[in-house]
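**Q** Quick one: the structure is below, and I'll ask about it shortly.
Residue numbers (this note's numbering): 3 to 216.
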């Protein structure tokens with residue numbers, strides 16, 4: 003039997019254990035882990051992005067940077083963006099199916115809020131901003147949208163738009179730091195990320211808390 007066929011058969015039989023995923027905490031480990039899958043590396047990377055978006059047991063920034071290093075900017079960006087979007091949609095539907103009715107009853111009982119009256123426009127731009135500004139955890143966005151009455155297509159398109167900046171920045175950061183070694187570009191990207199974080203904190207404090215009178 004061809005060694006590659008044996009290797010891929012073994013991969014599918016053993017699966018990808020959570021304990022292995024939890025070890026993907028640094029760029030070297032991630033790139034080595036994905037590269038070892040050979041021609042299946044892009045598919046494995048996509049699968050890891052899906053898992054990360056649904057259950058973030060390892061950092062997105064590390065995985066996106068590894069994608070840029072291994073596959074170049076275009077493919078790395080596409081994998082990081084599409085995989086994260088697919089994972090977010092998967093998490094949305096799981097929460098929607100399992101928790102929507104329960105959440106609807108509780109929100110109506112405790113706060114008198116009817117999720118069916120959620121404003122589509124406000125929901126859309128709230129999700130976009132939450133995705134762009136890396137402050138609100140991805141799982142929280144997925145769950146809140148699913149049980150908060152946000153339609154799937156509203157969630158899909160707002161998430162698709164909102165995930166573009168982080169995919170671009172983190173994929174580019176991996177290339178700049180570890181492949182092209184462009185320190186100036188890396189510093190610019192880091193600066194943009196820090197600005198987004200600062201804006202996120204301001205938005206959360208001023209708009210979510212300050213204007214609500216808390």
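All C-beta atoms, glycine included, are put in the ideal place defined by N, C-alpha and C.
For clarity, every value in this text was computed on a predicted model and none was experimentally measured.
Given a cut-off of 8 Å, decide if residue 85 and residue 60 are closer than it, judged by their beta-carbon atoms.
**A** It is not a contact, given that the beta carbons lie outside the stated cut-off.
**Q** What are the complete alpha helix (DSSP H) segments, minimum 4 residues, inside the region 128 to 167?
**A** Fully enclosed alpha helix (DSSP H) runs of 4 or longer: 140 to 149 and 154 to 164.
**Q** Going by DSSP in three states, residue 79 sits in which element: helix, strand or coil?
**A** The answer is helix: DSSP assigns residue 79 an H, G or I state.
**Q** Answer yes or no: do residue 175 and residue 67 have a C-beta to C-beta separation smaller than 8 Å?
**A** Their beta carbons are under 8 Å apart, which means residue 175 touches residue 67 by this criterion.
**Q** May I ask whether a heavy atom of the ligand MG can be found less than 7 Å away from the beta carbon of residue 79?
**A** Looking at this structure, you won't find the ligand MG or any other ligand, since it has none at all.
**Q** Helix or strand or just coil, what does DSSP make of residue 51?
**A** Helix.
**Q** Who are the near neighbours of residue 130 in its chain, counting only those whose CB is closer than 7 Å to its CB and skipping five residues on each side?
**A** The residues are 160, 163 and 164.
**Q** Three-state secondary structure (DSSP) at residue 61?
**A** The answer is coil: DSSP assigns residue 61 none of H, G, I, E or B.
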